[in-house]
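Trainee:
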Amino acid sequence: MPGRVSRAGLILTGGGARAAYQVGVLKALSEIHPRPEWPFPIIVGTSAGAVAAAILAGNVTRWHASVLEIENVWANFRVHQVFRSDALAMLRAGARWMGSLFTGGYIGPPKSLLDNSPLRDLLSKVTDFDAIRTNVAHGNLRALALCATSYFTARSVSFFEADTTVSEWSRAQRHGERVPLSLDYLMASLGIPFLFPPSCLQGEFFGDGAMRQTAPLSPAIHLGADRLLVLGVRPTHLDSIPRFVASDSPPTPGQLFG
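Numbering of the sequence shown is given in the working numbering, commencing with residue 114 and proceeding in unit increments.
1) Where do the ends of the alpha helix (DSSP H) carrying Ala261 lie?
2) Identify which residue in Leu123, Gly122, Gly128, Arg120 has its Cα closest to the Cα of Ser302.
3) Of the choices Arg255, Ala333, Gln315, whose alpha-carbon is the least far from that of Ser271?
4) Quick one: grab the DSSP three-state call for His251.
5) Residues in the same chain with beta-carbon distance under 6 angstroms from Gln286, minus the five sequence neighbours each way, listed in chain order, please.
6) Give a yes or no on contact between the region 188-195 and the region 149-164, applying the rule of three or more CB pairs nearer than 8 angstroms.
7) Sort out for me which residues DSSP pairs Val157 with in a bridge.
8) With burial defined as no fewer than 16 other Cβ atoms inside 10 Å of the residue's Cβ, what is the status of Ala261: buried or exposed?
9) Report yes or no: do three or more beta-carbon pairs, one from the region 131-138 and one from the region 159-178, lie closer than 8 angstroms?
10) Would you kindly report the start and end of the unbroken alpha helix (DSSP H) that includes Ser302?
11) Would you check whether the ligand NAP has a heavy atom nearer than 7 angstroms to the C-beta of Leu254?
12) Whose CA, out of Leu181, Ile124, Gly171, lies closest to the CA of Val136?
13) Using alpha carbons as the reference points, say which of Pro231, Phe196, Pro310 lies closest to Phe318.
14) Going by CA-CA distance only, name the one from Gly316, Asp234, Gly252, Leu142 that's closest to Val186.
15) Whole angstroms is fine: what's the gap from Glu274's alpha carbon to Gly171's?
16) Answer yes or no: do Arg120 and Ala258 have a C-beta to C-beta separation smaller than 8 angstroms?
17) On the DSSP bridge assignment, give the partners of Phe272 in chain order.
18) Under the three-state reduction of DSSP, which class applies to Met114: helix, strand or coil?
19) Counting only the same chain and skipping the five closest in sequence on each side, list residues whose C-beta sits under 6 angstroms from that of Val292.
20) Among residues of its own chain, excluding the 5 on either side of Pro231, which ones have a beta-carbon nearer than 8 angstroms to its beta-carbon?
21) Taking the alpha-carbon positions, what's the Val343 to Leu330 distance?
22) Look up Arg284 in the DSSP assignment and give the residues it is bridged to.
23) Less than 6 angstroms between C-beta atoms, sequence neighbours within five positions excluded: which residues of the same chain meet that for Glu144?
24) Given this structure, state the Cα-to-Cα distance separating Met114 from Arg340, to the nearest angstrom.
25) Going by beta carbon distance, what residues of the same chain come within less than 8 angstroms of Ala178, once the five residues before and after it are set aside?
26) Identify whether Val195 lies in helix, strand or coil by the three-state DSSP scheme.
27) Can you tell me where the beta strand (DSSP E) holding Glu317 begins and where it ends?
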């Protein structure tokens, strides 16, 4: 259509620790696109991919440096920066679970197996949601969406901050809601069920955005994108994987969560 402005969208998917591979693509992109203008006015992040999405959205005017910051975050991740792994924390959580079991639920169980407050502390230092709002207001960014799953409705919800031309949407089992984004929404997208605590947003509990996301391209399209770059980290060589794989031991927690 003549006169129509083309908008590119960047989609950063989940995938746990494999989301670190997205850094390599972003670095390659910064090399082939050396200009200072950020090429993706629309950014959507889900689960682990939401980390890079939030960092980029706050730094679109210096995005080459932002890519290096994201690389630094992933390169220096340590267990103690994600969850409390000291003996006291693990003992306290275990005792709470056992107490709930032996009292028939009279003593409530902990909200999660692990305490991920160290991750929240880390992300608070590398994300700037005020800068995201400023970038949207100044036209440097059209929209950022962080996707999470409602534990009550089982719907995939895309919480977004965008310019005034973007409208909310509602489809079967997926919804887009305009909010002032904050660290709480990022933590909700990262909330692995059972392992990490759910996040209470507007009186409703949310967790990992990848759980119920049946249409991962939808949020970016609703936000106005007509071209998409999707950084997925799932294996694509499915034909080479045998239908049945014999194993001498039960699956590990890492295998259970992909």
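Quick reminder that beta carbons are idealized off the backbone N, C-alpha and C, glycines included.
Mentor: With the given structure in hand:
1) As a first step, residue 261 is located in the sequence shown; it is residue number 148 there, counting from the start. Counting along the chain, Ala261 falls outside any alpha helix (DSSP H), though it belongs to the beta strand (DSSP E) covering 256-263.
2) The residue given as residue 302 occupies position 189 in the sequence shown. Answer by Cα proximity: Gly128.
3) Position 158 of the sequence shown, counted from the first residue, corresponds to residue 271. Looking at the Cα atoms, Ala333 is the closest of the given residues.
4) Locating residue 251 in the sequence shown gives position 138, where the first residue counts as 1. Coil, per DSSP.
5) Position 173 of the sequence shown, counted from the first residue, corresponds to residue 286. Cβ within range, chain order: Arg268.
6) no
7) Here the question's residue 157 lines up with position 44 in the sequence shown. Note: Val157 sits in a beta bridge opposite Ile124, Ala258.
8) Within the sequence shown, numbered from 1, the residue matching residue 261 stands at position 148. Per the 10 Å Cβ criterion, buried.
9) yes
10) As a first step, residue 302 is located in the sequence shown; it is residue number 189 there, counting from the start. Counting along the chain, the alpha helix (DSSP H) containing Ser302 begins and ends at 296-302.
11) By its list of ligands, the structure shown contains no ligand whatsoever, and the ligand NAP lies outside what it can speak to.
12) For this step, residue 136 is matched to residue 23 along the sequence shown. Checking every option, the nearest Cα to that of Val136 belongs to Leu181.
13) Walking along the sequence shown from the start, residue 318 turns up at place 205. Measuring from the Cα of Phe318, the nearest candidate turns out to be Pro310.
14) Indexing the sequence shown from 1 puts residue 186 at position 73. Closest by alpha carbon: Asp234.
15) For the purposes of this step, residue 274 is identified with residue 161 of the sequence shown, where counting begins at 1. For the purposes of this step, residue 171 is identified with residue 58 of the sequence shown, where counting begins at 1. One C-alpha to the other measures close to 12 angstroms.
16) As a position in the sequence shown, residue 120 is number 7, starting the count at 1. As a position in the sequence shown, residue 258 is number 145, starting the count at 1. Contact flag unset, no.
17) As a first step, residue 272 must be located in the sequence shown, where it is residue number 159. According to DSSP, which records beta bridges pairwise, Phe272 is partnered with Leu259, Glu290.
18) Your numbering for residue 114 matches position 1 in the sequence shown. Residue placement at Met114 cannot be trusted, given a pLDDT of 46 that sits under 50; the coordinates are not used to answer.
19) Translated into positions along the sequence shown, residue 292 becomes position 179. So the list reads Phe272, once near-sequence residues are dropped.
20) Taking the first residue of the sequence shown as position 1, residue 231 is located at position 118. So the qualifying residues of the chain are His193, Gln194, Val195, Phe196, Arg197.
21) By 1-based counting over the sequence shown, the position of residue 343 is 230. By 1-based counting over the sequence shown, the position of residue 330 is 217. Roughly 8 angstroms between the two C-alpha positions.
22) Here residue 284 refers to the residue found at position 171 of the sequence shown. Note: Arg284 sits in a beta bridge opposite Arg287.
23) One-based indexing of the sequence shown puts residue 144 at position 31. Excluding positions up to five away in sequence, the list is empty.
24) Indexing the sequence shown from 1 puts residue 114 at position 1. Indexing the sequence shown from 1 puts residue 340 at position 227. Interpretation of Met114 is limited by its pLDDT of 46, a score under 50 that renders its predicted location unreliable; no figure is taken from the coordinates.
25) On the sequence shown, residue 178 is found 65 positions in, with the first residue counted as 1. Same-chain partners within the cutoff: Asn172.
26) On the sequence shown, position 82 is the one that residue 195 refers to. Reduced to three states, the DSSP call for Val195 is helix.
27) As a first step, residue 317 is located in the sequence shown; it is residue number 204 there, counting from the start. From DSSP, the beta strand (DSSP E) with Glu317 extends over 317-320.
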